[in-house]
Amino acid sequence: MMKQLQGKSGASVFQYALLPQAPLPAVTIADPGKATLLIDQTYEKKSQVDLTEGDAVQTGQKLAPFKDSEAYVISSVTGKVSAIYPYPGDFGKNFTAFDIEVAADDVAPAVEDLEPTMASLRTYLVDAPGKPALDLLGDPTRPIHTIVVSGVDTDLLVASNQYVVRTEIDAIAKGIEILKAASGVETIAIAVPRDLIAGFGHTGADELKAVSLDYPSGQPKLILYHAFGIEVPAGKTCADMGYAFFSAESVANIGKTYETGQVPVEKMVTLIDKQGQVKVVAARLGTPVAAILGAAGIQTGDRDRLILGGPMTGTALYDAKQVVRADTDAIMVQDAADVTLVSDYSCINCGECVRSCPTRIQVNMLVRFLEAGQYEDGAELYDLHSCVDCGLCSYVCVARIPIYQYIRLAKYELARVNAVAEAPDEQ
Ligand code: SF4
Ligand code: SF4
706 MMKQLQGKSG ASVFQYALLP QAPLPAVTIA DPGKATLLID QTYEKKSQVD
756 LTEGDAVQTG QKLAPFKDSE AYVISSVTGK VSAIYPYPGD FGKNFTAFDI
806 EVAADDVAPA VEDLEPTMAS LRTYLVDAPG KPALDLLGDP TRPIHTIVVS
856 GVDTDLLVAS NQYVVRTEID AIAKGIEILK AASGVETIAI AVPRDLIAGF
906 GHTGADELKA VSLDYPSGQP KLILYHAFGI EVPAGKTCAD MGYAFFSAES
956 VANIGKTYET GQVPVEKMVT LIDKQGQVKV VAARLGTPVA AILGAAGIQT
1006 GDRDRLILGG PMTGTALYDA KQVVRADTDA IMVQDAADVT LVSDYSCINC
1056 GECVRSCPTR IQVNMLVRFL EAGQYEDGAE LYDLHSCVDC GLCSYVCVAR
1106 IPIYQYIRLA KYELARVNAV AEAPDEQ
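Under our numbering, the very last position in the sequence shown is 1132; numbers go up by exactly one each time.
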């Protein structure tokens, strides 16, 4: 099923970039001014929550303010609550936002009851920067035998995980030790860019895997195929095959938490400017995108485009007030003159999308079903579930059809319908 993406010469068309030999220190956004903390819970009225405007919070404090829910967030800053309001997410998801005006003095008490157990990890680190995949561990119906610490990034130009494996190898080694003790998983492997493979022998990982720089080799399913010789059948996940992928950043943050007792609150974000220059910034979770652009001296004009993520799979932002979250790996700024607008032209059957697809899906046929909202038929007839989310089909489409956005929506809708069908009957 999996074929390496190749150009006409047989070489891959796109390559991941390597950071310089000694990557520059990340630029830290010292004071975001305001942070917005998000809880995965719908907000309808004030009486739902125990927090109110003016309440003080501290960095690392666990906030579970809903009276009828255990949903919580770890505060990434010290300051005072200044507003509480509903916050829309992707695909109609609803969050509750808590704006915190940041105080001059940062107070971050150490956690005292940290143990190398899954309970401790889940209490303090479930939404840690890098978003550790803790929900994949401990499910007896889907046992995990191997954790893969991924030191590669999935999208082009993004270098957050590469930065962490280059600069925080001791923290990663500590994180591997804790994960092994807490999860009891038999094998922990670390995957790094092929050209960086020397020097990763002392992480405590049981296996070291090299990942090609050919795009999209950093996608977990392709790492499994090329580095482990495991093919993930259509419709299955890496976890279904017994492999849980953890970003290198999340594992480094687990290590740092157990070394220092401080809950991590800073996310490494790759900032890609209008010229395609890349720099890594460290920003508190909840920092507005606008604050990061301001600190980096990036001005944006009216029709410039902001993208959360990389050039292949990122999502356009409608507003620079959106914030850095645990899985925000990159922010990209595109000059208005470089923005390729999508169109409502029909597919002309040129076949570029099929030639580009690493899994050789018949994308030209699939897109016809997805445009019509016929997700189940598209999935069944044209192999939607073999898609590894690389975005190449959209990139090459001469008709500028937003194919990858259709694919994301289709996968989301099918997963939602399945979840409803599998939910226990409430009667
Ligand atoms: S995003 Fe497009 S090109 Fe990439 S695997 Fe999916 S269908 Fe193929
Ligand atoms: S690249 Fe676009 S126009 Fe060409 S076959 Fe694919 S969907 Fe159709």
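By construction, the Cβ of each residue, glycine as well, lies at the ideal position given by its N, Cα and C atoms.
Residues that DSSP places opposite residue i in a beta bridge
i	result
N799	P793
E971	R989
Q1027	DSSP output for Q1027 lists no bridge partner at all.
Y1160	Absent from the model: residue 1160. The displayed extent of the chain is 706 to 1132, so no value can be given.
V916	P898
M823	DSSP lists no partner for M823.
Q720	D919
R1010	Q1039
G843	Looking at the DSSP assignment, G843 forms no beta bridge with any residue, so it has no partner.
Of the residues the options, the one placed nearest residue i, counting alpha carbons only
i	options	result
V869	H850, G835, I893	G835
A1000	I1106, L976, P837	L976
A735	Q967, R1073, I997	I997
I805	E873, V782, T892	V782
A1021	V1038, N799, D1034, D1007	V1038
A802	F951, K1026, F1074	K1026
Q867	A1041, I1112, V857, A886	V857
V732	I959, E971, L1114	E971
V854	D1024, A988, S955	S955
L768	P737, L1086, T822, D832	D832
E1085	D1094, G1096, V1072	V1072
T822	I849, I1108, A722, A887	A887
A1042	R1060, D1009, Q1067	D1009
G904	Y930, I874, I959, T962	I874
S774	G794, Y748, S780	Y748
Q1004	I1066, E891, K979, L1075	K979
T942	L830, V1093, T828, T1045	V1093
K961	V1103, L884, D860	L884
Inter-residue spacing [alpha-carbon to alpha-carbon] between residue i and residue j
i	j	result
C1098	A813	46 Å
N1069	C1058	7 Å
G981	L862	8 Å
L842	D1032	18 Å
F771	F796	23 Å
M707	A727	The predicted position of M707 is uncertain, since its pLDDT is 38 and thus under 50; a value taken from the coordinates is nonetheless stated next. So the alpha carbons of these two residues sit roughly 34 Å apart.
A987	A1035	11 Å
L729	A1115	40 Å
D1007	S1048	20 Å
R989	D810	15 Å
Q720	K739	37 Å
Cutoff 8 Å: residue i Cβ touching any chain C Cβ
i	result
P925	The question asks about chain C, but that chain is absent: this structure has only one protein chain.
Whole-Å CB distance - residue i paired with residue j, under 8 Å assumed
i	j	result
V778	I744	5 Å
C1095	P921	4 Å
A695	Q753	Since the first residue shown for the chain is 706 and the last is 1132, residue 695 is missing from the structure and cannot be characterised.
V968	V1029	About 16 Å; that fails the 8 Å criterion.
Query raised in the report: Is it a yes or a no for the region 905-918 touching the region 877-886, going by three-plus beta-carbon pairs under 8 Å?
Result: yes
Query raised in the report: Using 8 Å as the Cβ pair cut-off and three pairs as the minimum, do the region 754-766 and the region 777-795 touch?
Result: yes
Query raised in the report: With contact counted as at least three CB pairs below 8 Å, one residue from each stretch, are the region 883-897 and the region 912-930 in contact?
Result: yes
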